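**Student:**
There are 2 protein chains.
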Amino acid sequence: MTLPKRSDESAMPETLPADSVGLVTPQTLSFDEPLSLDCGRALPRYELIIETYGQLNADRSNAVLICHALSGDHHAAGYHRMSDRKPGWWDSAIGPGKAVDTERFFVVCLNNLGGCKGSTGPTSLNPENGRVYGPDFPIITVRDWVKAQERLMRRLGIDQWAAVIGGSLGGMQVMQWAIDFPDNLRHAVVIAAAPKLSAQNIAFNEVARQAILSDPDFHDGRYHEHEVVPRRGLMLARMLGHITYLSDDAMRAKFGRELRAGKINFGFDVEFQVESYLRYQGTSFVDRFDANTYLLMTKALDYFDPAAEFDHDLSRAFEKTRAGFLVVSFSSDWRFSPERSREIVKALMDARRTVTYVDVDAHHGHDAFLVPIPYYMNAFAAYMRRIDTGGAG
Amino acid sequence: MTLPKRSDESAMPETLPADSVGLVTPQTLSFDEPLSLDCGRALPRYELIIETYGQLNADRSNAVLICHALSGDHHAAGYHRMSDRKPGWWDSAIGPGKAVDTERFFVVCLNNLGGCKGSTGPTSLNPENGRVYGPDFPIITVRDWVKAQERLMRRLGIDQWAAVIGGSLGGMQVMQWAIDFPDNLRHAVVIAAAPKLSAQNIAFNEVARQAILSDPDFHDGRYHEHEVVPRRGLMLARMLGHITYLSDDAMRAKFGRELRAGKINFGFDVEFQVESYLRYQGTSFVDRFDANTYLLMTKALDYFDPAAEFDHDLSRAFEKTRAGFLVVSFSSDWRFSPERSREIVKALMDARRTVTYVDVDAHHGHDAFLVPIPYYMNAFAAYMRRIDTGGAG
Chain A
90 MTLPKRSDES AMPETLPADS VGLVTPQTLS FDEPLSLDCG RALPRYELII ETYGQLNADR
150 SNAVLICHAL SGDHHAAGYH RMSDRKPGWW DSAIGPGKAV DTERFFVVCL NNLGGCKGST
210 GPTSLNPENG RVYGPDFPII TVRDWVKAQE RLMRRLGIDQ WAAVIGGSLG GMQVMQWAID
270 FPDNLRHAVV IAAAPKLSAQ NIAFNEVARQ AILSDPDFHD GRYHEHEVVP RRGLMLARML
330 GHITYLSDDA MRAKFGRELR AGKINFGFDV EFQVESYLRY QGTSFVDRFD ANTYLLMTKA
390 LDYFDPAAEF DHDLSRAFEK TRAGFLVVSF SSDWRFSPER SREIVKALMD ARRTVTYVDV
450 DAHHGHDAFL VPIPYYMNAF AAYMRRIDTG GAG
Chain B
90 MTLPKRSDES AMPETLPADS VGLVTPQTLS FDEPLSLDCG RALPRYELII ETYGQLNADR
150 SNAVLICHAL SGDHHAAGYH RMSDRKPGWW DSAIGPGKAV DTERFFVVCL NNLGGCKGST
210 GPTSLNPENG RVYGPDFPII TVRDWVKAQE RLMRRLGIDQ WAAVIGGSLG GMQVMQWAID
270 FPDNLRHAVV IAAAPKLSAQ NIAFNEVARQ AILSDPDFHD GRYHEHEVVP RRGLMLARML
330 GHITYLSDDA MRAKFGRELR AGKINFGFDV EFQVESYLRY QGTSFVDRFD ANTYLLMTKA
390 LDYFDPAAEF DHDLSRAFEK TRAGFLVVSF SSDWRFSPER SREIVKALMD ARRTVTYVDV
450 DAHHGHDAFL VPIPYYMNAF AAYMRRIDTG GAG
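Protein chains in written order, with this note's numbering: chain A, 90 to 482; chain B, 90 to 482.
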């Protein structure tokens, strides 16, 4: 494989931030060996789209895997074009001198199976009949993702990750990595995650799913064939998601009860700023995300429960892990609250594993994991600096 | 007016609970004087449907008004038929010997204007054109409701309520009563309420509204003319509402992660018990509620902000109130948290008003206000017992 090149910034009409990984190019890797899935079905073959940042060292000991959350993708850092308004989704944490320092680490990020940003998913063609998978794409679990990621690791010529890192649903993948492939990662960084969803978490996902499933344009998931998109349902799902990503305090700080036009208009158009924000988030999401993928992602969240096969004893699930853990939570996160992170920490301690726990005081809610809060970034960077990447790292 | 009669239980084939107000019959009152509204429009004439329990005493000093919340109505206690499976929505608090003791108090409850249970609202005929109001029904505010309730008070021959009582949106009406008609109530009981909605509260309402407004069967609110109902939208709105009525703990206690069929089925049918509960709540609501009314109720919530006309100083809003206040909050209520109730209490104290505050330790979330939790009911009853209803009370 070829690694993405840093751009020659001097040749560019505009400059990118000095601590950016610069211009990056995704790559698509094909896998022809069937992948059997938790649901009992198998994917005969599939593609994974990835981005990498930094250089793999000579003894291949400095590779880090970034696992994305519900609506994330492989584009975690840098820019695709000089004209991009925004960098990748976790650019605040990945780059030269940043927490995940690309001067030291070779960083790999992929779009997960079932995604809609380039890896095989519901919008891909089903090799069995040449038609878009749509609702026929199998429901994928966190364990399935990790299995596919392990194959990706082998393909990249890596035997062991220096660290596997993820926030939210990404953090669940990190835990599954440590459980399923204990010898293949040295560190596990679990940010703003939970050992399993609560009934309330599932309830929010269910309302989001019902919004999509009940949209007349959903057509049982075959909207591609009808040349429509279940816009309303996906918009509602995203609006609802956004409420759970922000804390009440963050919303208050951001919008308060500010009126868009300065006064009440006694109608159902946008009146409060927070309504305007949510509608924008909802409508813009529809243009860049697939409804079937959204459904799959929420199911992967609902199903995640690594303790289930260990008599619901999370510490037993962690018993065979060998990675050192960093667990991070955020004080105002009510989607996956600090209490949920402490369940993970307690189970790791009960299993006599090595764990560092950081609770960050932040008003941003669940979204805090994407925000470059100094205390958070400093703690994250300090942990990453302690990771040994070998002589060549 | 005739008061509803207690049934002769001995003549009935089945018996009702001894602490029930028994069989009750609603009454409809017509008002022909136009009611000018906050939105600038006026209702030329309107009807209010009410129920009353207990006897008005000779000096008319024992009347109590119950204000309902978002989806409530005039049927607060007792039964309409012996075959009713359930009594009125607040039967746990209203009846002989209960917190609102019908042996002492004459209790009045109405369906608010804009409702869909018998009072004039979007499902009523517009006298101007003889067609169903639908979306042409004006947006009503809490202040408008209180204005209509004051006329109802006069119609019933009452000069002053012994108490005005309400939970949630009902509690907001109580505050507005104390502010707008300080001489016409002696006590104000504000339960599980807030002085105004937070941005997060508004955000949840906005998603609910968008679910209804974007339903293709909504037809800009003229679904009656199309002989359809925006079922999907109203169902989603109610499902979402229910999440905010229950605490995370209550959901955990009630449903946990229990699977309906005992195992995961890798599909989008109901899998977890909480999904089954929400879908049931959503679909059953559609058969008994009107979408236009739901929209109006959420707007009344969003707009409520009595401090706004007092430079956003709530204590100034309360300065001219004369009622004694009981404020009640519930520890696990995250829709209107105890902190929000304490804002009310603090403003009342700053305004040197008389206030009793009770924070009830309860895991039920916002719904706790409808649950007969002993500590809550005892405190509520104790407060009500102290209310002087005159010699004939």
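All C-beta atoms, glycine included, are put in the ideal place defined by N, C-alpha and C.
A quick note: this is a predicted structure, and the numbers were derived from the prediction, not measured.
Are residue 195 of chain B and residue 152 of chain B close, meaning C-beta to C-beta below 7 Å?
**Tutor:** Against a cut-off of 7 Å, the Cβ pair of residue 152 of chain B and residue 195 of chain B comes out as a contact.
**Student:** Would you list the residues sitting across from residue 448 of chain B in a DSSP beta bridge?
**Tutor:** B/418
**Student:** Assign residue 222 of chain A to one of three DSSP states: helix, strand, or coil.
**Tutor:** coil
**Student:** Where do the N-terminal and C-terminal ends of the alpha helix (DSSP H) with residue 300 of chain A fall, by residue?
**Tutor:** 288-302
**Student:** To the nearest angstrom, how far is the alpha carbon of residue 202 of chain A from that of residue 169 of chain B?
**Tutor:** 56 Å
**Student:** I'd like to know if residue 193 of chain B contacts chain A, where contact means its C-beta is closer than 7 Å to some C-beta of that chain.
**Tutor:** no
**Student:** In the DSSP output, which residue or residues are listed as bridge partners for residue 45 of chain B?
**Tutor:** Residue 45 of chain B is absent from the structure shown; chain B starts at 90 and stops at 482.
**Student:** Counting contacts by CB-CB distance shorter than 7 Å, is residue 325 of chain B in contact with chain A?
**Tutor:** By this cut-off, residue 325 of chain B is an interface position.
**Student:** Where does the unbroken alpha helix (DSSP H) through residue 142 of chain B begin, and where does it stop?
**Tutor:** Careful: residue 142 of chain B lies outside any alpha helix (DSSP H), inside the beta strand (DSSP E) at 135-142.
**Student:** Would you kindly report the start and end of the unbroken alpha helix (DSSP H) that includes residue 249 of chain A?
**Tutor:** For residue 249 of chain A, no alpha helix (DSSP H) run applies, since DSSP gives it neither H nor E.
**Student:** Ordered along the chain, which non-local residues of its own chain (more than five positions away) have a Cβ less than 7 Å from that of residue 246 of chain A?
**Tutor:** 149
**Student:** Would you call residue 57 of chain A buried or exposed, if buried means 16 or more other Cβ atoms sit within 10 Å of its Cβ?
**Tutor:** Residue 57 of chain A lies beyond the range of chain A shown here (90 to 482); nothing can be said about it.
**Student:** Helix, strand or coil, according to DSSP, for residue 62 of chain B in the structure here?
**Tutor:** This structure does not reach residue 62 of chain B, given that chain B is present from 90 up to 482, and the question cannot be answered.
**Student:** Go to residue 333 of chain B, then tell me how far its alpha helix (DSSP H) extends in each direction, as first and last residue.
**Tutor:** 320-334
**Student:** Anything in chain A within Cβ reach of residue 394 of chain B, meaning under 8 Å, just list it in chain order.
**Tutor:** 346
**Student:** From residue 395 of chain A to residue 193 of chain A, what distance separates their C-alpha atoms?
**Tutor:** 32 Å
**Student:** I'd like to check one pair, residue 165 of chain B with residue 177 of chain B: are the Cβ atoms closer than 7 Å?
**Tutor:** Taking the C-beta atoms as reference points, residue 165 of chain B is found nearer than 7 Å to residue 177 of chain B.
**Student:** Taking the alpha helix (DSSP H) that residue 365 of chain A falls in, what are its first and last residues?
**Tutor:** Note, residue 365 of chain A: alpha helix (DSSP H), 362-375.
**Student:** Mind listing the chain B neighbours of residue 299 of chain A? Cutoff is C-beta to C-beta under 7 Å, in chain order.
**Tutor:** 325, 328
**Student:** Could you check the C-alpha separation between residue 129 of chain B and residue 238 of chain B for me, to the nearest Å?
**Tutor:** 19 Å
**Student:** Would you call the CB atoms of residue 339 of chain B and residue 452 of chain B closer than 7 Å?
**Tutor:** Yes, these two residues count as a Cβ contact at 7 Å.
**Student:** Any idea what DSSP makes of residue 276 of chain A, helix, strand or coil?
**Tutor:** strand
**Student:** For residue 479 of chain B, which residues in the same chain have their Cβ closer than 6 Å to its Cβ, ignoring the five residues on either side in sequence?
**Tutor:** Apart from sequence neighbours up to five positions away, the residues of its chain that approach residue 479 of chain B with a beta-carbon distance below 6 Å are 148, 150, ordered along the chain.
**Student:** My assumption, with CB atoms under 8 Å, is that residue 271 of chain A sits in contact with residue 410 of chain A. Please give the rounded CB distance.
**Tutor:** 5 Å
**Student:** On the DSSP bridge list, what partners appear for residue 152 of chain B?
**Tutor:** B/195
**Student:** Any C-beta of chain A sitting closer than 7 Å to the C-beta of residue 433 of chain B?
**Tutor:** no
**Student:** Any heavy atom of the ligand HEM inside 6 Å of the beta-carbon of residue 387 of chain A?
**Tutor:** The ligand content of the structure shown is nil, which means the ligand HEM is not present either.
**Student:** Determine whether the Cβ of residue 349 of chain B lies closer than 7 Å to any Cβ atom of chain A.
**Tutor:** no
**Student:** Using the rule of at least 16 other Cβ atoms within 10 Å of the residue's Cβ for burial, across every protein chain shown, is residue 401 of chain B buried or exposed?
**Tutor:** exposed
**Student:** Over the uninterrupted alpha helix (DSSP H) stretch that includes residue 382 of chain A, give me the two end residues.
**Tutor:** Here the alpha helix (DSSP H) through residue 382 of chain A covers 380-392.
**Student:** What's the gap between the Cα of residue 407 of chain A and the Cα of residue 331 of chain B?
**Tutor:** 35 Å
**Student:** Residue 228 of chain B touches chain A at which residues, Cβ-Cβ below 8 Å?
**Tutor:** 355, 356
**Student:** Would you identify the three-state DSSP class for residue 105 of chain A, choosing helix, strand or coil?
**Tutor:** coil
**Student:** Please decide whether residue 287 of chain A counts as near chain B, where near means a Cβ-Cβ distance under 7 Å.
**Tutor:** yes
**Student:** Taking C-alpha atoms, which residue in B/258, B/300, B/107, B/475 lies nearest to residue 323 of chain B?
**Tutor:** The shortest Cα separation from residue 323 of chain B among B/258, B/300, B/107, B/475 belongs to B/300.
**Student:** Please state whether DSSP places residue 120 of chain A in a helix, a strand or coil.
**Tutor:** Taken through DSSP and simplified to helix, strand or coil, residue 120 of chain A comes out as strand.
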